[in-house]
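To convert, note that position 290 of the sequence shown is 511 in the numbering used here; the numbers rise steadily by one, no gaps.
Below is one structure, written out as structure tokens; comments come after it.
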Amino acid sequence: MNDILPEDTIYWQKLESIIRDLLGRYGYQEIRFPIVEKTELFKRSIGEVTDIVEKEMYTFADRNGDNLTLRPEGTAPCVRAAIQNGLLHNQVQRLWYMGPMFRHERPQKGRYRQFHQVGVETFGMASPDLDAELILMTARLWQQLGLDNVELQLNSLGTRESRAVYRQELVSYFEQHKDQLDEDSLRRLESNPLRILDTKNPALREVVADAPKLMAHLDDESREHFEALCGLLDGAGVAYRVNPCLVRGLDYYSRTVFEWVTDQLGAQGTICAGGRFDGLVEQLGGKATPSAGFAIGLERLLVLARQNLQPENRPHIYLVLVGEAAQKKGVLLAEQLRGGMPALRIMTNCGGGSFKSQFKKADKCGAELALVLGEDEVAQETVNIKFLRGEHSRNQETLAQNDLSAWLAGKLDV
Ligand code: ATP
Ligand code: MG
222 MNDILPEDTI YWQKLESIIR DLLGRYGYQE IRFPIVEKTE LFKRSIGEVT DIVEKEMYTF
282 ADRNGDNLTL RPEGTAPCVR AAIQNGLLHN QVQRLWYMGP MFRHERPQKG RYRQFHQVGV
342 ETFGMASPDL DAELILMTAR LWQQLGLDNV ELQLNSLGTR ESRAVYRQEL VSYFEQHKDQ
402 LDEDSLRRLE SNPLRILDTK NPALREVVAD APKLMAHLDD ESREHFEALC GLLDGAGVAY
462 RVNPCLVRGL DYYSRTVFEW VTDQLGAQGT ICAGGRFDGL VEQLGGKATP SAGFAIGLER
522 LLVLARQNLQ PENRPHIYLV LVGEAAQKKG VLLAEQLRGG MPALRIMTNC GGGSFKSQFK
582 KADKCGAELA LVLGEDEVAQ ETVNIKFLRG EHSRNQETLA QNDLSAWLAG KLDV
């Protein structure tokens, strides 16, 4: 679990605001739900035989003995909140959330125990144009962030029924290759054989690659759905690769699944994962409602996008105040400037100090200008301006305090 310090939070804020703006442009609205939920919710939705539920959840009993879990993902809480608050009664919803998730994993680069996701969940839209919208929205985000090396992988999981037939075939295939499976896979062979396809063990790559393909078992409607989605992506010029082994770690998916993957982050290359989960609302006690969504891992996305973000939070002005009268006057002058120029970033020197020590602080904070008030300036109602950066660095001029706002408006981009 990481502390995120000011030198990094500016990048986080910039990334988050780009994402918020984009989601707003597509008509998505924010939902906020608690960080803890009943453990049962995650067991019922994610599935008992998944990495998350088997070994990754932070689960504890509260003072009443209720079993609670720090949310490992946002889909289940989002669906729970939507059902409980009546958001799904014959309504279409486009929702998003952003915040910390918790999984007790082995920490490594790109994999943490508290990490952050922005997630999108939609309800009430069954057709592939919605699947396309989700994917196009993410593609636009990568474009805005200047990322070019991300690959879209697509698959269809069909329906629960079509999967059942396939499951039989898969089990008999893996039964024949039992000697090549690892411990996890042998266990999954009993409980959830599709998950073997999702293994991260490179030793299993070959046996998995030769396994029967789910695509060959799709029901007609799922096939049409998938083809329509592919057609929409083709039309929009979004490239993709069909990956028949893409099954996703969570049990609740149906039909479309997709991931955006990069080779620039080592082993932790998935920055966005999503798909359709038409059965989940009903499974959690609501009325059957088609649903689809995705989640983006923000730590991983930030590593990729950081160099393109260029956030700016350095003050325009550092106010140097020497002497008691200047300290008093400075408080008022700074407030007056802030009142008149909402985009102005101005930092006041608090606690006095010599000219020299105050200028050091002014330089360190990266301000463009130092405004200086000493005894003389206060007496004459002027202000001395020193340029701290760029080609005019070390230049200075003196102005009447009354002319300051107009002068700044002409000089700064505020
Ligand atoms: P993986 O197969 O890598 O464990 P997952 O299937 O568990 O991924 P999801 O539950 O689909 O991941 O989460 C969506 C995204 O959230 C991932 O693609 C990734 O970008 C990010 N993510 C998941 N777990 C972590 C983690 N422990 N630390 C950082 N980011 C994570
Ligand atoms: Mg995982």
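Beta carbons: idealized from backbone N, C-alpha and C, even for Gly.
Note that this is a predicted model, so its numbers are computed, not measured.
The criterion of a C-beta distance shorter than 8 Å is satisfied by G379 and R476. Counting other Cβ atoms within 10 Å of its Cβ, C571 stays below 16 and is therefore classed as exposed. At a threshold of 7 Å, D634 does not count as near ligand 2, since its beta carbon sits no closer than that to any of the ligand's heavy atoms. Short of 8 Å from the beta carbon of Y333, and not among the five residues preceding or following it, lie these beta carbons of its own chain, in chain order: M222, N223, E326 and E520. If you look at P298, you'll find it in the alpha helix (DSSP H) that goes T296 to Q305. About 6 Å separates the beta carbon of N288 from that of A282, a gap short enough to meet the 8 Å contact definition. Distance between G560 and M358, taken at the CA atoms: about 38 Å. In summary, S406 is buried, with 16 or more beta-carbon neighbours lying within 10 Å of its beta-carbon over all protein chains present. Residue burial annotation: T271 is buried, with at least 16 other C-beta atoms found within 10 angstroms of its C-beta.
Taking 7 Å as the cut-off, one finds no heavy atom of ligand 2 near enough to the beta carbon of D440.
Between ligand 1 and T260, a heavy atom-to-CB distance of less than 7 Å is absent.
Within its own chain, the residues whose Cβ lies closer than 7 Å to the Cβ of A494, once the five positions on either side in sequence are excluded, are R469, E480, F515 and A516, listed in chain order. Relative to the non-hydrogen atoms of ligand 1, the Cβ of I417 never comes closer than 7 Å to any of them. DSSP places C451 in the uninterrupted alpha helix (DSSP H) bounded by D441 to A457. In this structure the region 336–356 does not touch the region 531–538; the number of beta carbon pairs closer than 8 Å is below three. Ligand 1 has a heavy atom closer than 7 Å to the beta-carbon of Y333. Between ligand 1 and T420, a heavy atom-to-CB distance of less than 7 Å is absent. For P321, the enclosing beta strand (DSSP E) starts and ends at Q314 to F323. Bounds of any alpha helix (DSSP H) do not take in N623, whose DSSP letter is neither H nor E.
DSSP, read as helix, strand or coil, puts M568 in strand. Annotation for T359: the continuous alpha helix (DSSP H) segment containing it runs P349 to Q365.
With fewer than 16 other beta carbons inside 10 angstroms of its own, K508 counts as exposed. F263 has its CB no nearer than 7 Å to any heavy atom of ligand 1. In this structure, D242 has its CB at a distance of at least 7 Å from all heavy atoms of ligand 2. Beta-carbon to beta-carbon, I567 and A555 are separated by about 6 Å, close enough to satisfy the 8 Å threshold.
The C-alpha of G551 lies about 37 Å from the C-alpha of R527. For K607, the enclosing beta strand (DSSP E) covers residues T603 to F608.
Counting C-beta pairs with one atom in each stretch, the region 446–454 and the region 422–434 have fewer than three that are closer than 8 Å, which means they do not touch. Of the other Cβ atoms in all chains shown, 16 or more fall within 10 Å of the Cβ of P293; this residue is therefore buried.
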